[in-house]
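Residues in the sequence shown are numbered consecutively from -2, following the numbering used here.
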Amino acid sequence: MALYTARMAAQEAQLHDARLTLLHIFNPQMLNLQIPEEILPPTLDLREKLLQLAHAEMEKLRQSIAEDGIPPRMELEESGENIGKAVIDFGKAHAVDMLVVGSHGHGAIGRLLLGSVANDIVHYASCPVLVVKHHED
-2 MALYTARMAA
8 QEAQLHDARL
18 TLLHIFNPQM
28 LNLQIPEEIL
38 PPTLDLREKL
48 LQLAHAEMEK
58 LRQSIAEDGI
68 PPRMELEESG
78 ENIGKAVIDF
88 GKAHAVDMLV
98 VGSHGHGAIG
108 RLLLGSVAND
118 IVHYASCPVL
128 VVKHHED
């Protein structure tokens, strides 16, 4: 899903001769989960490990998009905010022209098959938003 969405964003960037930034929002509040010590040893720095994994996945995504001809920037932001709000705040702070988000189609029927993060972004962003529908192979 992320690769498909990123490729759509890269196509838009190429079409408009625009800069492309891949953004990952890391919410440290996810670490407040109660995980038994048998599963997760107390010596493991979970926050650092999750940040490393996110960075590695983003690097793979960046390389794949760069192979298509658009060298994207990567941004890994840490925010305690709701993910959608954090994306919107990033967009405002960096004066982006468009946000591209993927939709998984999860959530209540009232969201009309738009994921909650995408739903927040569509409703509250101050710039255009391209929603990439989940692509099933």
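Yeah, the Cβ is synthetic: ideal placement off N, Cα and C, and Gly gets one too.
All of these numbers come straight from a predicted model, not from anything done at the bench.
- Judged by their CB atoms, L19 and M71 are nearer to each other than the 8 Å cut-off.
- Each of P69, A6, S76, R4 was checked against the Cα of P25, and the nearest Cα belongs to S76.
- For the region 57 to 101, the full-length beta strand (DSSP E) segments reaching 3 residues or more read 70 to 75, 96 to 100 along the chain.
- In the three-state reduction of the DSSP assignment, H120 falls in the helix class.
- Between Q11 and the set I67, E78, L127, the nearest pair of CA atoms involves I67.
- For the options N116, M95, P69, L58, the alpha carbon positioned closest to that of I80 is the one of N116.
- Segment contact: the region 89 to 103 against the region 1 to 10, three or more CB-CB distances shorter than 8 Å; contact assigned.
- Residue pairing from DSSP places H21 in a beta bridge opposite L73.
- For M5, the uninterrupted alpha helix (DSSP H) segment begins and ends at -1 to 12.
- Distance check between M55 and each of H13, P125, S113, P69 places P69 closest, using alpha-carbon atoms only.
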